[in-house]
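Participant: Encoded as structure tokens, here's the structure I'll be asking about.
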Amino acid sequence: MGGKKGIKLIDENGLRHDGRKPDELRPIEMKVGVLANSDGSALVKFGRTHVLAAVYGPKEPIQKFVLLPDRAVLRVRYHMAPFSTSERKSPAPSRREIELSKVIREALEDIVLTNLFPRTSIDIFLEVLQADGGTRTTAITAASLALADAGIPMKALVGGVAVGKVDGVLVLDIDELEDGNGEADMPVAAAPDIGRITLFQLNGVLTREEIEKATTMAYNAIQKIVEMEKEVLRRKYLAEKEGDEK
Numbered sequence: 099m100g101g102k103k104g105i106k107l108i109d110e111n112g113l114r115h116d117g118r119k120p121d122e123l124r125p126i127e128m129k130v131g132v133l134a135n136s137d138g139s140a141l142v143k144f145g146r147t148h149v150l151a152a153v154y155g156p157k158e159p160i161q162k163f164v165l166l167p168d169r170a171v172l173r174v175r176y177h178m179a180p181f182s183t184s185e186r187k188s189p190a191p192s193r194r195e196i197e198l199s200k201v202i203r204e205a206l207e208d209i210v211l212t213n214l215f216p217r218t219s220i221d222i223f224l225e226v227l228q229a230d231g232g233t234r235t236t237a238i239t240a241a242s243l244a245l246a247d248a249g250i251p252m253k254a255l256v257g258g259v260a261v262g263k264v265d266g267v268l269v270l271d272i273d274e275l276e277d278g279n280g281e282a283d284m285p286v287a288a289a290p291d292i293g294r295i296t297l298f299q300l301n302g303v304l305t306r307e308e309i310e311k312a313t314t315m316a317y318n319a320i321q322k323i324v325e326m327e328k329e330v331l332r333r334k335y336l337a338e339k340e341g342d343e344k
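See below:
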């Protein structure tokens with residue numbers, strides 16, 4: 099963060115370094131059911147950021163001390179693969195990964211109907227295979243899809259995206275170059291079908307007007323992202339239905 103001199107991220111035509119307009123998402127790909135040994139799984143790609151999600155449960159955990167009498171415990175592990183960044187990362191969990199695991203859990207906790215599964219745990223494993231900015235919001239999107247793929251009841255699907263400020267301009271779905279050289283980064287996650295924002299963070303400084311505009315940009319984009327999630331799940335369901343009928 100902090101706008102390094104000499105790096106121009108918005109050109110004279112108002113386009114970003116990768117040719118996108120300020121309010122344009124990166125190309126997005128989503129797949130569900132990508133892992134055979136999990137209860138639910140998803141692979142989500144926002145540009146060059148790729149995140150794999152696996153869900154297990156609800157099940158009775160080995161460690162009984164984590165049990166809650168009235169609901170399931172949601173456990174999230176966010177991890178960046180050693181090969182996910184340009185410099186090889188240590189495989190040991192970093193402080194940032196532990197913090198983001200908690201952030202992602204809190205973004206999903208109120209959406210999953212944990213009260214239906216008392217004295218159990220639902221485990222979500224998130225592996226960042228390739229990192230190019232927006233890993234936490236991509237991970238939240240992947241987790242939402244994997245939970246739905248596992249058949250775990252939720253109030254609504256959740257999607258995430260980050261809005262940044264570069265060269266004085268608000269831009270949607272920032273990548274690593276923009277994040278590292280911009281003036282602000284605002285990750286947002288939401289469940290548009292129930293009108294709820296589940297994650298709101300701000301690194302850097304924005305005016306009140308900029309925060310309002312950035313929130314609207316993020317929310318409108320998340321509505322599109324959640325529609326993509328629904329379509330991916332619908333296609334899998336129809337394919338399974340056709341397979342059962344044959």
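Here the numbering used here is used: the first residue of the sequence shown is 99, the next is one more, and so on.
Even for Gly, the Cβ is constructed at its ideal location relative to N, Cα and C.
Computed from a prediction, not measured in an experiment: that's the story for all the values here.
1. At 3 residues or longer, and completely inside the segment 190–236: list those beta strand (DSSP E) runs for me, N to C.
2. Can you confirm whether the segment 152–159 touches the segment 192–208 when touching is taken to mean that 3 or more C-beta pairs between the two stretches lie within less than 8 Å?
3. For a test of the three-state rule: what should DSSP assign to Lys253, helix, strand or coil?
4. Gly117 to Glu281, Cα distance in whole Å?
5. To the nearest angstrom, how far is it from the Cα of Arg311 to the Cα of Asp342?
6. Enumerated in chain order, which unbroken segments of the beta strand (DSSP E) with a length of 3 residues or greater are wholly contained in the segment 118–157?
7. Take Thr121 and list the residues in its own chain whose beta-carbon comes closer than 7 Å to its own, dropping the five residues that flank it on each side.
8. In terms of residue numbering, what span does the alpha helix (DSSP H) encompassing Asp277 cover?
9. Does DSSP put Ile295 in a helix, in a strand, or in coil?
10. On the criterion of 16 or more Cβ atoms from any shown chain inside 10 Å, does Asn279 qualify as buried, or is it exposed?
11. Since Val174 sits in a beta bridge, which residues does DSSP pair it with?
12. Rounded to the nearest angstrom, what separates Asp277 and Lys339 at their Cα positions?
13. Between the beta-carbon of Lys253 and the beta-carbon of Ile295, is there less than 9 Å?
14. Of the residues Pro251, Pro159, Glu195, Ile238, which one's Cα is nearest the Cα of Phe144?
15. Might you give, ordered along the chain, the residues of its own chain that have their beta carbon closer than 7 Å to the beta carbon of Pro251, omitting 5 neighbours on each side?
16. Whether or not the segment 254–266 and the segment 156–169 are in contact is what I'm after, with contact meaning three or more pairs of Cβ atoms, one per stretch, closer than 8 Å; do they touch?
17. Looking at Gly138 and Leu245, is the spacing between their C-beta atoms short of 9 Å?
18. Give me, in chain order, the residues of the same chain whose beta-carbon lies closer than 6 Å to that of Ala240; leave out the 5 immediate sequence neighbours on both sides.
Facilitator: The structure says:
1. As far as the segment 190–236 is concerned, its whole beta strand (DSSP E) runs of at least 3 residues are 219–228.
2. no
3. coil
4. Going by C-alpha positions, Gly117 is about 20 Å away from Glu281.
5. Looking at the sequence shown, residue 311 is not Arg but Lys. Each residue's Cα considered, the two are about 47 Å apart.
6. Taking 3 residues as the shortest admissible run, the segment 118–157 contains the following complete beta strand (DSSP E) segments, listed from N- to C-terminal end: 126–130, 138–144, 147–157.
7. The sequence as given places Asp at residue 121; Thr does not occur at that position. Here the set comprises Leu270, Met315.
8. Run containing Asp277: 274–279, per the alpha helix (DSSP H) assignment.
9. strand
10. buried
11. Ile222
12. 43 Å
13. no
14. Nearest C-alpha to Phe144: Ile238.
15. Correct list, in chain order: Leu211, Leu214.
16. No, the segment 156–169 is not in contact with the segment 254–266.
17. yes
18. Ala140, Val142, Val149, Ala151
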